[in-house]
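The C-terminal residue of the sequence shown carries number 254 in the working numbering, and the numbering is unbroken.
Every residue gets a Cβ at the ideal spot worked out from N, C-alpha and C, and that includes glycine.
The structure appears right after this line, and notes come after that.
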Amino acid sequence: MTQTIMVTGGTSGMGKAMALALKEAGWNVIVTGRDLERLQQMDHELKQIAGEHLTIQMDVRDTDACIAAVNQARETFGRLEALVNNAAGNFICPTDELSPNGWKTVIDIVLNGTFNCSHALVKGWQEDDVKGGQILNIVASYAWQAGAGVAPSAAAKAGVLNLTRTLAVEWGYKYHARINAISPGPIERTGGADKLAMSPEHAERIRRNVPLGRFGTPEEIAGLAVWMLSDQASYLNGECIALDGGHWLNKQPF
Ligand code: HXC
1 MTQTIMVTGG TSGMGKAMAL ALKEAGWNVI VTGRDLERLQ QMDHELKQIA
51 GEHLTIQMDV RDTDACIAAV NQARETFGRL EALVNNAAGN FICPTDELSP
101 NGWKTVIDIV LNGTFNCSHA LVKGWQEDDV KGGQILNIVA SYAWQAGAGV
151 APSAAAKAGV LNLTRTLAVE WGYKYHARIN AISPGPIERT GGADKLAMSP
201 EHAERIRRNV PLGRFGTPEE IAGLAVWMLS DQASYLNGEC IALDGGHWLN
251 KQPF
């Protein structure tokens, strides 16, 4: 039976690439996003690929909207097995200059948004008796390192990484679910790259710090996501895979 997956923040960058690749791989795909025009464009692109899909306008910060989106997916496809928590928000700001609302905004999108969607999903699993469902979270290596200049995102991603491991145990036992994460490095054509690589010189400095000497592509992230969500990865649970050309390991101490 065709399985169904929801990708949040799925109208651009890695989310878009994952949604397209998952539909190519045979999933029913639900794409959520805040921007109606981008959703319409995504709907058009998804139509070029065989199979079923839905686009839903929503903000992961809105708990009720997350519940409604999960229920719409369940009503359309019978049940919702899987979720990619891709929606994120981030900006560079020294922490001593950050406003409390700036902190709250990023934590709300990244950490609370991941919880909102995961919690709505598990309620659907309970009602539909889904076993073997999945969640794929997107983190960053500053989840386990320092994130100078991006404190709210780093703290939120650390929370998401811990939630990945915690739910892998809780929901592994209870629902035979697999909860995993990807930690992308610098990836071209993404909101992260656009915001964090502030100038061509800065982008070049980042590139030089990647042992493989280049930014990754959204399609490479999508390839890993498709595999992690496939039966080939059926024993993978609670794991975070860094797909970053060796970027986070490169400390160049000598
Ligand atoms: C300081 C800022 C700021 C900035 C916003 N704020 N941008 N503070 N520097 N550059 C503050 C605002 O002043 C405000 O606080 C509060 O944050 C909320 O701002 P809004 O613009 O009202 O928020 P909103 O419209 O909800 O937009 C959320 C957003 C926005 C996060 C600010 O950028 C967004 O929607 N981003 C989504 C896409 C995105 O960021 N993608 C990149 C993900 S990269 P006050 O106090 O003034 O009210 C990623 C990791 C990459 O996740 C890792 C790479 C290795």
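Query	Result
Supposed close pair proline 200, glycine 13 - CB separation, criterion 8 Å	With a Cβ gap of about 19 Å, proline 200 and glycine 13 do not count as contacting.
When Leu80, Asp64, Val130 and Leu111 are compared against valine 31, the one with the closest alpha-carbon	Leu80
Range covered by the alpha helix (DSSP H) that runs through glutamine 126	113–128
Contact belief for isoleucine 179 with isoleucine 221 at Cβ below 8 Å, rounded distance in angstroms	About 18 Å; that fails the 8 Å criterion.
In chain order, each beta strand (DSSP E) run of at least 3 residues that lies wholly inside the stretch 9–77	28–33 and 53–57
In chain order, each beta strand (DSSP E) run of at least 3 residues that lies wholly inside the stretch 170–248	178–184 and 240–243
Own chain residues within Cβ distance below 7 Å of glutamate 24, not counting five before or after	Ile49
CA nearest to the CA of glycine 26, picked from Lys195, Lys174 and Leu46	Leu46
For isoleucine 138, the first and last residue of its enclosing beta strand (DSSP E)	134–138
In DSSP terms, what alanine 82 is bridged to	Ile5 and Gln134
Isoleucine 107 - DSSP class collapsed to helix/strand/coil	helix
At least three beta-carbon pairs within less than 8 Å, the stretch 155–169 to the stretch 101–116	yes
With 16 other Cβ atoms within 10 Å as the buried cut-off, status of serine 234	exposed
Secondary structure of leucine 163, DSSP reduced to three states	helix
Nearest neighbour of threonine 76, chosen from Ala65, Phe115 and Val29 [CA to CA]	Val29
Own chain residues within Cβ distance below 7 Å of alanine 120, not counting five before or after	Cys66, Ile67 and Val70
Any non-hydrogen atom of the ligand HXC closer than 7 Å to leucine 98 Cβ	yes
Three-way DSSP call (helix, strand, coil) for proline 253 in this model	coil
Closest by C-alpha distance to alanine 82, when choosing among Glu239, Tyr173, Leu243 and Met6	Met6
Simplified DSSP state of alanine 87, which is helix, strand or coil	coil
Residues of its chain near glutamate 239, where Cβ-Cβ distance is below 6 Å and the 5 sequence neighbours each way are ignored	Asn180
Any non-hydrogen atom of the ligand HXC closer than 7 Å to leucine 196 Cβ	yes
Whole-angstrom C-beta distance between leucine 243 and glycine 149, which should lie under 8 Å	Not a contact, Cβ separation roughly 22 Å.
Other residues of its chain near glycine 213: CB distance less than 8 Å, five sequence neighbours each side excluded	Arg207 and Gly245
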